[in-house]
Amino acid sequence: MPKRVLVVDDDDDIRRTVQVHLKRAGYQIILARDGKEALEKARAELPDLIVMDVMMPRMSGFDALEHLKADGTTEAIPVVMLTAESRDEDLFVGWSRGVHSYLTKPFRPDEVVATVKSILDE
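Numbering (numbering that gives the first Met the number 0), first residue to last: 0 to 121.
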(Lines of atoms letter the chains of each structure in order from A and count residues from 1; the text may use other names and numbers.)
(Lines give C-alpha, C1' and ligand atoms only; values in the text may rest on other atoms or scores of the structure.)
Protein backbone atom coordinates (compact mmCIF):
# COMPACT_ATOMS: atom_id res chain seq x y z
CA MET A 1 0.00 0.00 0.00
CA PRO A 2 1.46 3.41 -0.94
CA LYS A 3 2.45 5.83 1.78
CA ARG A 4 0.05 8.75 2.19
CA VAL A 5 1.15 12.38 2.15
CA LEU A 6 -1.03 15.32 3.15
CA VAL A 7 -0.10 18.39 1.07
CA VAL A 8 -1.22 21.69 2.60
CA ASP A 9 -0.92 25.02 0.78
CA ASP A 10 -3.34 27.83 -0.02
CA ASP A 11 -1.75 28.31 -3.45
CA ASP A 12 -3.47 26.00 -5.97
CA ASP A 13 -0.44 25.88 -8.29
CA ILE A 14 1.98 24.89 -5.55
CA ARG A 15 -0.42 22.31 -4.14
CA ARG A 16 -0.92 20.83 -7.62
CA THR A 17 2.82 20.79 -8.42
CA VAL A 18 3.67 18.96 -5.21
CA GLN A 19 0.73 16.59 -5.71
CA VAL A 20 1.76 15.65 -9.26
CA HIS A 21 5.40 14.99 -8.40
CA LEU A 22 4.69 13.01 -5.23
CA LYS A 23 2.01 10.98 -7.00
CA ARG A 24 4.49 10.16 -9.79
CA ALA A 25 6.89 8.98 -7.08
CA GLY A 26 4.26 6.50 -5.89
CA TYR A 27 2.65 8.31 -2.97
CA GLN A 28 -1.06 8.63 -2.31
CA ILE A 29 -1.92 12.33 -1.89
CA ILE A 30 -4.42 14.06 0.38
CA LEU A 31 -4.94 17.81 -0.17
CA ALA A 32 -5.82 20.69 2.16
CA ARG A 33 -5.95 24.47 1.58
CA ASP A 34 -5.13 25.78 5.07
CA GLY A 35 -4.09 24.78 8.58
CA LYS A 36 -7.61 24.21 9.82
CA GLU A 37 -8.46 21.85 6.97
CA ALA A 38 -5.07 20.18 7.47
CA LEU A 39 -5.93 19.36 11.08
CA GLU A 40 -9.28 17.87 10.07
CA LYS A 41 -7.76 15.75 7.31
CA ALA A 42 -4.78 14.67 9.41
CA ARG A 43 -7.07 13.42 12.17
CA ALA A 44 -9.43 11.68 9.76
CA GLU A 45 -6.88 10.24 7.31
CA LEU A 46 -3.75 9.76 9.48
CA PRO A 47 -1.23 10.38 6.69
CA ASP A 48 2.32 9.08 6.91
CA LEU A 49 3.75 12.59 6.39
CA ILE A 50 2.57 16.19 5.97
CA VAL A 51 4.07 18.81 3.63
CA MET A 52 2.74 22.19 4.77
CA ASP A 53 3.08 25.89 4.02
CA VAL A 54 3.41 28.40 6.88
CA MET A 55 1.48 31.47 5.72
CA MET A 56 -2.13 30.42 5.10
CA PRO A 57 -5.61 31.79 5.86
CA ARG A 58 -7.75 30.61 8.80
CA MET A 59 -4.80 28.90 10.53
CA SER A 60 -1.07 29.16 9.85
CA GLY A 61 1.11 26.14 9.32
CA PHE A 62 2.92 26.87 12.60
CA ASP A 63 -0.37 26.89 14.53
CA ALA A 64 -1.50 23.70 12.79
CA LEU A 65 1.85 22.09 13.61
CA GLU A 66 1.40 22.97 17.28
CA HIS A 67 -2.07 21.37 17.32
CA LEU A 68 -0.82 18.27 15.48
CA LYS A 69 2.01 17.73 17.97
CA ALA A 70 -0.34 18.21 20.94
CA ASP A 71 -2.76 15.53 19.69
CA GLY A 72 -1.91 11.95 20.59
CA THR A 73 -3.31 10.62 17.30
CA THR A 74 -1.22 12.93 15.09
CA GLU A 75 1.85 13.80 17.18
CA ALA A 76 4.13 11.23 15.49
CA ILE A 77 3.35 12.33 11.91
CA PRO A 78 6.47 14.00 10.47
CA VAL A 79 5.86 17.50 9.13
CA VAL A 80 7.91 19.17 6.39
CA MET A 81 7.41 22.92 6.16
CA LEU A 82 7.48 24.17 2.56
CA THR A 83 7.67 27.92 2.96
CA ALA A 84 9.04 31.26 1.90
CA GLU A 85 9.47 32.06 5.60
CA SER A 86 13.14 31.25 6.14
CA ARG A 87 14.32 33.84 8.65
CA ASP A 88 16.08 32.46 11.72
CA GLU A 89 13.09 33.41 13.91
CA ASP A 90 10.71 31.48 11.64
CA LEU A 91 12.95 28.44 11.62
CA PHE A 92 13.20 28.55 15.41
CA VAL A 93 9.40 28.63 15.75
CA GLY A 94 9.09 25.57 13.54
CA TRP A 95 11.85 23.60 15.24
CA SER A 96 10.46 24.46 18.68
CA ARG A 97 7.01 23.20 17.65
CA GLY A 98 8.31 19.92 16.27
CA VAL A 99 8.87 20.36 12.52
CA HIS A 100 10.82 17.49 10.99
CA SER A 101 12.35 19.37 8.05
CA TYR A 102 12.23 22.65 6.09
CA LEU A 103 12.14 23.35 2.37
CA THR A 104 12.10 26.93 1.12
CA LYS A 105 10.20 28.49 -1.76
CA PRO A 106 10.95 28.72 -4.55
CA PHE A 107 11.53 24.98 -4.50
CA ARG A 108 12.49 22.21 -6.89
CA PRO A 109 9.85 19.46 -7.05
CA ASP A 110 12.56 16.77 -7.08
CA GLU A 111 13.85 18.19 -3.78
CA VAL A 112 10.38 17.77 -2.24
CA VAL A 113 10.21 14.17 -3.47
CA ALA A 114 13.72 13.41 -2.18
CA THR A 115 12.94 14.91 1.24
CA VAL A 116 9.68 12.98 1.57
CA LYS A 117 11.37 9.77 0.47
CA SER A 118 14.26 10.19 2.90
CA ILE A 119 11.91 10.73 5.83
CA LEU A 120 9.49 7.93 4.98
CA ASP A 121 12.33 5.48 4.30
CA GLU A 122 14.03 6.15 7.69
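Glycine included, C-beta positions come from ideal geometry on N, C-alpha and C.
{"Check": "Beta-carbon contacts of Tyr26 that lie in its chain and below 6 Å, excluding the five residues immediately before and after", "Outcome": "Pro1, Lys2, Val4"}
{"Check": "C-alpha gap between Asp10 and Arg32, whole angstroms", "Outcome": "8 Å"}
{"Check": "8 Å contact criterion, which Val79 and Thr114 should meet: CB distance rounded", "Outcome": "6 Å"}
{"Check": "For Met51: DSSP bridge partner residues", "Outcome": "Val7, Met80"}
{"Check": "Three-way DSSP call (helix, strand, coil) for Ser100 in this model", "Outcome": "strand"}
{"Check": "Integer-rounded CB distance, given that Leu64 should sit under 8 Å from Arg96", "Outcome": "5 Å"}
{"Check": "Residue from Val98, Ile28, Lys35, Val7 with nearest C-alpha to Met58", "Outcome": "Lys35"}
{"Check": "Identity of the residue in Leu81, Pro46, Glu88, Pro56 nearest Ala75 by Cα", "Outcome": "Pro46"}
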